[in-house]
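Below is one structure; the comments refer to it alone.
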Amino acid sequence: TSYQKMAQPASGFAIVGVSVRVRVNSGKVSFVRIGVTGLSNRAYRATASEKAFEGKASSPADIQAAAALVAQGVDANSDLHASADYRRHLAVVHAARAFRTALSRIV
Numbered sequence: 001t002s003y004q005k006m007a008q009p010a011s012g013f014a015i016v017g018v019s020v021r022v023r024v025n026s027g028k029v030s031f032v033r034i035g036v037t038g039l040s041n042r043a044y045r046a047t048a049s050e051k052a053f054e055g056k057a058s059s060p061a062d063i064q065a066a067a068a069l070v071a072q073g074v075d076a077n078s079d080l081h082a083s084a085d086y087r088r089h090l091a092v093v094h095a096a097r098a099f100r101t102a103l104s105r106i107v
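Residue numbers for the sequence shown follow the UniProt record's numbering, beginning at 1 and rising by one.
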C-alpha cells in the first residue's frame, strides 16, 4: 500500500493524492485498488486504471500504462493552487510513484 500526494505548501492538504493497494501472486498483479483525491470534486476509485493493471507483471511499462488512466474522463478541478491540466499531470505522476512504492513494499 502507498499514498502519494502533492501537498499545498501552506496547509499541507493534498492538491492531488493517489493511494494504491496491490497484491502480487506468481509474479502478476492479482488485486489492485486505486483511490484519487483532489483531482475532481470528490474522491474516486480509478477503476479503468485498476482493470489495466490487474493481471499484469508490474513492469515499468505496465505501471506507466495504468497510471496514465487515473485521470481519464475526469472533470478536473482548477483553482488558484493548480490548473486542471496540472492536476491531471500530478495524478499520473503520483499514481506511478504509488504503484512503484506499493510494489516495493511487497515481500
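Where a beta carbon is used, it is the ideal one built from N, C-alpha and C, also for glycine.
Being a predicted model, the structure only gives us computed values, none of them experimental.
The beta strand (DSSP E) spanning residue i covers which residue range?
i          : result
residue 2  : 2-7
residue 73 : Segment: none, residue 73 is in no beta strand (DSSP E) and carries neither H nor E.
If you draw a straight line from the C-alpha of residue i to the C-alpha of residue j, how long is it?
i          : j           : result
residue 61 : residue 100 : 12 Å
residue 28 : residue 59  : 10 Å
residue 40 : residue 8   : 16 Å
residue 81 : residue 68  : 22 Å
residue 6  : residue 97  : 11 Å
With distance defined between alpha-carbon atoms, name the residue in the options nearest to residue i.
i          : options       : result
residue 53 : 22, 8, 76     : 22
residue 49 : 38, 3, 92, 84 : 92
residue 20 : 10, 36, 6, 14 : 36
residue 55 : 79, 26, 34    : 26
Tell me where the alpha helix (DSSP H) around residue i begins and ends.
i           : result
residue 51  : 47-53
residue 104 : 84-104
I need the DSSP call for residue i, collapsed to helix, strand or coil.
i          : result
residue 34 : strand
residue 67 : helix
residue 61 : helix
Confirm, please, whether the CB-CB distance from residue j to residue i is below 8 Å.
i           : j          : result
residue 94  : residue 32 : no
residue 88  : residue 71 : yes
residue 183 : residue 45 : In the structure as shown, the chain begins at 1 and stops at 107. Residue 183 is therefore absent and cannot be evaluated.
residue 102 : residue 2  : yes
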